[in-house]
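Visitor: Have a look at this one before I ask anything.
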Amino acid sequence: MKEEKYMQAERGKGQTPEKRIRENIRFVPADAAGMLLFFLAAAMAVCSLSLCTSTDIWYDELFTMGFIGEPVERLLELAAKDVHPPLYYLIVKAFVDTVHLFASSIDPVVIAKTVSVLPYLCLLAYAAWLVRKRDGWLCAGLFAFCLLSMPQMSNYTTEIRMYGWALFFLTAAFLHVREILITRRAVHWAAFFVYGICAAYCHYFAAVSVVFLYLVLAVLLLWEKAKNERQEKADSHPAGKTSWLKTLKPCFWCAGLSVLSYLPWLPAALDQVSAVREDYWILPLTLSCFGGCVKFVLKPSTGWQVPDHVIAVLLFVCLFVYLIRAFFCRKKAREEWKKAVYASCGIWVLAGTALFGIAVSFLMRPVFVYRYMLPALGGFWFCFAYFAAEGWSVPGGCQQGRRQGRRMLFSPVSRKRLWKLLPLLLLLLVGLVDYRSFLQGELVKKEQMERTLQAFEGMEEDSIVLFNFDQVQAVASYYLNRETWLYGDEPEMLIKEMFPDVQAGGDALWVRSLLEEGRTVWFVGSNLAREAVLAEWAEYGMIPEETVDSLLLERYWFNLYRMSLEA
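Numbers 168 to 734, taken from my numbering, label the letters of the sequence shown in order.
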């Protein structure tokens, strides 16, 4: 019953057939644009799938590959020693093991990268289903396009980490919030609960976002309850007040079940929090982090600093104007205001997550990096897509007897609304440029990875391979499948547990003794610190005999040196 009233309000009461015909004519250009954007997003997803054939990984992805190579019980034990919940690793392991039942020769890295594209395909399905159903094709297409192409978003379509899946779970829960508000159907409550707990089991900051999403849902339910009671009173049809406890009862049930569902992992989570409080790699934040959050979300990758910052400012201004305009028009179009309030909640969930992370980092210990906002970006880009598409799919002000769609589209009133094209064009520009930058970067890494693997193949099996950077050592060891040695430092304990070939090396005298024994010694020198190592070794009569410059291992540039004793 509630959904029928909503749909009647959407269609508009008392419309004449002529008005409905004019609306259908007006729908065509916007729907066509939305479909085009949707298929463009789908093409980007397919393109990301094609990039999954590359086998390059970096340090964080190495943890995923290490976890999924273990039995489930051992995986959970190792994940408890890490800093993330285990659901993502279980998802990847399930896919890899299933594929290997039928095709054991496929590289697990390729399968794992393919798994990272799947949540984006699921988000496209949600855009074509719920968003199109409620907001039309233009909003659905723009939303899908933003999810695949906006700054930072495309990077995680092929990265073997949990952010894409956390993004899907949280965004799906956000979209089901509106279905709950409209229909109150149990299936949407169940979906909201399941997606929420899955997001929390993917990433702890996704769990923070879920908490804010529960708060948003509770506020919207109470706001709608108060609004309905005022409307009934104004219509002189008081139906008796409903207690706020009854209104929020399903919300409390979902929250309680979520807490119970998280109890099995809670001891491990508390141990991880204790370990992080003692020692963690994240650097202290400064006040510039607030601007950094905005740049992370909105700044594209054109390769030019000034245009990047200008575009980020323009996008921020557009969104700010949308929110202000919706607020001042709330009394003229109450149904539109209701939808605008829901859409804007995507911003508040993102802002709440970021502010929570920043507050904890300032008050306790640094625990927040910008990419932890990524799971909440789905709701944010829905908000942007909704406001950018508003007024195009549903005509407003152009219903004054014009029977032809072309005359209606280019009427004087419509021309005044052409300013709304600017945000759409800006989003299109940013998306295309950013995805192109991502695509070029991936192709370069794939090409360079082939060159790096060729260099690795040139190392003799009985040679000694030394590193001066633990991340490069760990990742290289995954490909070399042999013992490697870290000079001047200790590898991370969890890496050593998963990859026993990763070893700590000795000092300069130990390196010289290897050369004196006639062993072949290769040095993988990373960043400028390699110069200090080479200078130290030179004092002990060790010099590079053969050098391969500028090799790339995913994101790590290094030089390869074959060491020898000075004559």
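Backbone N, C-alpha and C define an ideal beta-carbon position, used for all residues, glycine too.
1) Roughly how many angstroms separate the alpha carbons of valine 477 and arginine 603, rounded to a whole number?
2) Does DSSP put glycine 459 in a helix, in a strand, or in coil?
3) Is the number of C-beta pairs between the region 694-711 and the region 622-636 that are closer than 8 angstroms three or more?
4) Just to confirm the assignment: which complete alpha helix (DSSP H) runs, minimum length 4, are found wholly within the region 640-719?
5) Determine the DSSP secondary structure at tyrosine 723, reduced to helix, strand or coil.
6) According to DSSP, simplified to helix, strand and coil, what is phenylalanine 636?
7) If we ignore side chains and look at the alpha-carbon of each, how far apart do leucine 595 and valine 239 end up?
8) Please state if the CB of leucine 482 and the CB of leucine 593 are separated by a distance shorter than 8 angstroms.
9) With a Cβ-Cβ cutoff of 8 angstroms, do alanine 142 and phenylalanine 336 count as a contact?
10) Could you have a look at serine 731 and say whether DSSP puts it in helix, strand or coil?
11) Out of Val250, Leu309, Trp471, Leu388, point me to the one whose CA is closest to histidine 370's CA.
12) In the DSSP assignment, find the unbroken alpha helix (DSSP H) run with histidine 251 in it and report its ends.
13) Can you tell which of Ala521, Lys587, Arg729, Phe605 has the C-alpha that lies nearest to the C-alpha of tyrosine 489?
14) Indicate whether valine 516 and glycine 546 have their beta-carbon atoms separated by less than 8 angstroms.
15) Kindly indicate which three-state DSSP category isoleucine 631 falls into: helix, strand or coil?
16) Any idea if glutamine 567 is buried or exposed, counting beta-carbon neighbours within 10 angstroms, 16 or more meaning buried?
17) With the cut-off set at 8 angstroms, would you say leucine 288 and leucine 314 are in Cβ contact?
18) With three or more beta-carbon pairs closer than 8 angstroms as the criterion, would you say the region 256-268 touches the region 227-243?
19) Which same chain residues end up closer than 8 angstroms to phenylalanine 623 when comparing Cβ atoms and leaving out the 5 residues on each side of it in sequence?
20) Based on Cα-Cα distance, which residue from Phe372, Lys506, Phe725 lies nearest to arginine 618?
21) From this set, Thr414, Gly423, Ala208, which residue's C-alpha is nearest leucine 309's C-alpha?
22) So the candidates are Glu244, Val276, Ala197, Asn322; which of them puts its Cα closest to the Cα of leucine 229?
23) If you measure between the beta carbons of methionine 531 and phenylalanine 463, is that distance less than 8 angstroms?
24) Figure out for me which residue from Ile364, Ala340, Glu396 has the closest Cα to the Cα of histidine 355.
25) Would you mind working out which of Gly625, Ile662, Gly513 sits nearest leucine 387, comparing C-alpha positions?
26) How about valine 691 and leucine 719: do their beta carbons lie closer than 8 angstroms?
27) Report yes if the CB atom of phenylalanine 523 is closer than 8 angstroms to the CB atom of valine 375, and no otherwise.
28) If we ignore side chains and look at the alpha-carbon of each, how far apart do glutamine 398 and serine 511 end up?
29) Looking at the secondary structure, which residues open and close the alpha helix (DSSP H) in which arginine 603 lies?
30) As a quick exercise: from Gly331, Phe379, Lys392, pick the residue whose alpha carbon is nearest that of arginine 351.
31) Does the beta-carbon of leucine 676 have 16 or more other beta-carbons within 10 angstroms, so that it is buried, or is it exposed?
32) Grouping DSSP H, G and I as helix and E and B as strand, with all else coil, what is tryptophan 535?
33) When the Cα atoms are used, what is the spatial distance from valine 600 to serine 468?
34) With a threshold of 16 other CB atoms inside 10 Å of the CB of threonine 453, please say whether the residue is buried or exposed.
35) Pick out whichever of Lys506, Tyr553, Val440 has its Cα sitting closest to the Cα of valine 527.
Guide: In this structure, then:
1) On the sequence shown, position 310 is the one that residue 477 refers to. On the sequence shown, position 436 is the one that residue 603 refers to. Their Cα atoms are separated by approximately 19 angstroms.
2) Counting from 1 along the sequence shown, the entry for residue 459 is found at position 292. Note: glycine 459 maps to helix in three-state DSSP.
3) yes
4) 660-665, 675-683, 696-706
5) Position 556 of the sequence shown, counted from the first residue, corresponds to residue 723. Of the three classes helix, strand and coil, the one that applies to tyrosine 723 here is strand, per DSSP.
6) Numbered from 1 along the sequence shown, position 469 holds the residue referred to as residue 636. Looking at phenylalanine 636 - three-state DSSP - the assignment turns out to be coil, as it is neither helix nor strand.
7) Counting from 1 along the sequence shown, the entry for residue 595 is found at position 428. Counting from 1 along the sequence shown, the entry for residue 239 is found at position 72. Approximately 43 angstroms between the Cα atoms of the pair.
8) For the purposes of this step, residue 593 is identified with residue 426 of the sequence shown, where counting begins at 1. For the purposes of this step, residue 482 is identified with residue 315 of the sequence shown, where counting begins at 1. In this structure, leucine 482 lies closer than 8 angstroms to leucine 593 by Cβ.
9) Outside the displayed span of the chain (168 to 734) sits residue 142, for which this structure offers no information.
10) Residue 731 sits at position 564 when you count from the first residue of the sequence shown. Strand, per DSSP.
11) Here the question's residue 370 lines up with position 203 in the sequence shown. Minimum Cα distance to histidine 370 is reached at Val250.
12) As a working mapping, residue 251 is identified with position 84 in the sequence shown. Careful: histidine 251 lies outside any alpha helix (DSSP H) and carries neither H nor E.
13) Counting from one through the sequence shown, the residue named residue 489 turns up at place 322. The option with the nearest alpha carbon to tyrosine 489 is Lys587.
14) Numbered from 1 along the sequence shown, position 349 holds the residue referred to as residue 516. Numbered from 1 along the sequence shown, position 379 holds the residue referred to as residue 546. Cβ distance < 8 angstroms, so valine 516 and glycine 546 count as in contact.
15) To locate residue 631, count along the sequence shown from 1; it is residue 464. Correct three-state label for isoleucine 631: strand.
16) The residue labelled residue 567 in the question sits at position 400 within the sequence shown. Unreliable positioning characterises glutamine 567 in this predicted model, as indicated by a pLDDT of 36, which lies under 50. The coordinate reading is nonetheless provided below. Glutamine 567 comes out exposed.
17) Residue numbering aside, residue 288 sits at position 121 when the sequence shown is read from its first letter. Residue numbering aside, residue 314 sits at position 147 when the sequence shown is read from its first letter. No, these two residues do not count as a Cβ contact at 8 angstroms.
18) yes
19) For the purposes of this step, residue 623 is taken as residue 456 along the sequence shown, with counting starting at 1. Here the set comprises Ala643, Tyr646, Leu647.
20) Sequence index remark: in the sequence shown, residue 618 carries index 451 (1-based). Residue Phe725 is the option with its Cα nearest to arginine 618.
21) The residue given as residue 309 occupies position 142 in the sequence shown. Considering only alpha carbons, the answer is Ala208.
22) Position 62 of the sequence shown, counting from 1, holds the residue named residue 229. If we check each option's Cα against that of leucine 229, Val276 comes out closest.
23) Sequence index remark: in the sequence shown, residue 531 carries index 364 (1-based). Sequence index remark: in the sequence shown, residue 463 carries index 296 (1-based). No, these two residues do not count as a Cβ contact at 8 angstroms.
24) Along the sequence shown, read from residue 1 onward, the residue named residue 355 stands at position 188. Nearest of Ile364, Ala340, Glu396 to histidine 355, Cα basis: Ala340.
25) Numbered from its first residue, the sequence shown carries residue 387 at position 220. The shortest C-alpha separation from leucine 387 is found at Gly513.
26) The residue you call residue 691 lines up with position 524 of the sequence shown. The residue you call residue 719 lines up with position 552 of the sequence shown. It is not a contact, given that the beta carbons lie outside the stated cut-off.
27) Residue 523 sits at position 356 when you count from the first residue of the sequence shown. Residue 375 sits at position 208 when you count from the first residue of the sequence shown. Going by C-beta atoms, phenylalanine 523 is nearer than 8 angstroms to valine 375.
28) Translated into the one-based positions of the sequence shown, residue 398 becomes position 231. Translated into the one-based positions of the sequence shown, residue 511 becomes position 344. Straight-line Cα distance between these residues: approximately 23 angstroms.
29) Your numbering for residue 603 matches position 436 in the sequence shown. 588-624 is the span of the alpha helix (DSSP H), which, as asked, contains arginine 603.
30) Here residue 351 corresponds to residue number 184 of the sequence shown, with the count starting at 1. For arginine 351, the nearest C-alpha among the options comes from Lys392.
31) Stepping through the sequence shown from its first residue, residue 676 is reached at position 509. Under this definition leucine 676 is an exposed residue.
32) Taking the first residue of the sequence shown as position 1, residue 535 is located at position 368. It is phenylalanine, not tryptophan, that sits at residue 535 in the sequence shown. If DSSP states are grouped into helix, strand and coil, phenylalanine 535 belongs with coil.
33) Position 433 of the sequence shown holds residue 600. Position 301 of the sequence shown holds residue 468. Going from the Cα of valine 600 to the Cα of serine 468 covers about 7 angstroms.
34) Along the sequence shown, one-based indexing puts residue 453 at 286. Flag for threonine 453 reads exposed.
35) Translated into the one-based positions of the sequence shown, residue 527 becomes position 360. Taking only the C-alpha atoms, the option nearest valine 527 is Val440.
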